[in-house]
Amino acid sequence: MVKKDYKKICDEIAAISPYIRFVGVIGESGDLLAYRRRDDLVPLLNAKNTQYQFSHIAIKTDLEGFFDKNLGEIEFVWEERKKVQTISFAIKKERVWISIDKKVIRSEMLRIIDSCLPIVKKYS
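So this is what it looks like as C-alpha cells:
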C-alpha cells in the first residue's frame, strides 16, 4: 500500500461515526503511517505515551503472528478501558487502530466494527 491508501483508510473509517475519536494506521515497527483525529478532542495520551502505545501494538501484532497458522489470522480486537474503547484491525503487517468514546453503547460499537470490516478487507 502507498501513503494515500493509509490516509484514505483513516478518512473512510473516521466518517463512519461521530463517536470515533482517532483512527491511525500503524506500521510493523510502530510508526504512525497516517491518522485522522476528531477536531474537538484533546488527546488522552501525550506524544511519548502515544509512541509507546504504537510500539506496543506493533510488538503485539508480531507476536500474534505465531498463532495464525493454528487459530487463523486476527480480524479485529476490541478493547474496553475506563476512559475509551479501542478496536484494531490487521491489514497484512500493519494495524488500523481506532479509539472510540467510552459512553458508546455496544450496538453502536458493533455497527462501527461491521462498517470497518469491508474497508479493511478492501486493502488486505
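With positions in the sequence shown counted from 1, the corresponding number in my numbering is that position plus 2.
For each residue, glycine too, the CB sits at the ideal point set by N, CA and C.
Proximity of residue i and residue j at Cβ, strictly below 8 Å
i	j	result
residue 83	residue 59	no
residue 92	residue 63	yes
residue 102	residue 87	yes
residue 18	residue 117	yes
Residues bridged to residue i [DSSP beta-bridge criterion]
i	result
residue 28	34, 97
residue 90	79, 99
Residue i, DSSP secondary structure in three states
i	result
residue 23	strand
residue 39	strand
residue 18	coil
residue 67	helix
residue 109	helix
residue 84	coil
residue 104	coil
residue 73	helix
Spatial distance of residue i from residue j (CA atoms)
i	j	result
residue 85	residue 46	9 Å
residue 13	residue 112	19 Å
residue 68	residue 22	31 Å
residue 94	residue 109	28 Å
residue 32	residue 50	13 Å
residue 72	residue 24	32 Å
residue 4	residue 122	15 Å
residue 104	residue 70	30 Å
residue 44	residue 75	34 Å
residue 34	residue 100	13 Å
residue 81	residue 56	15 Å
residue 39	residue 8	14 Å
residue 61	residue 79	15 Å
residue 42	residue 20	11 Å
Cβ-heavy atom distance, residue i to the ligand NAP, below 7 Å
i	result
residue 10	The model on display carries no ligand, and the ligand NAP is accordingly not part of it.
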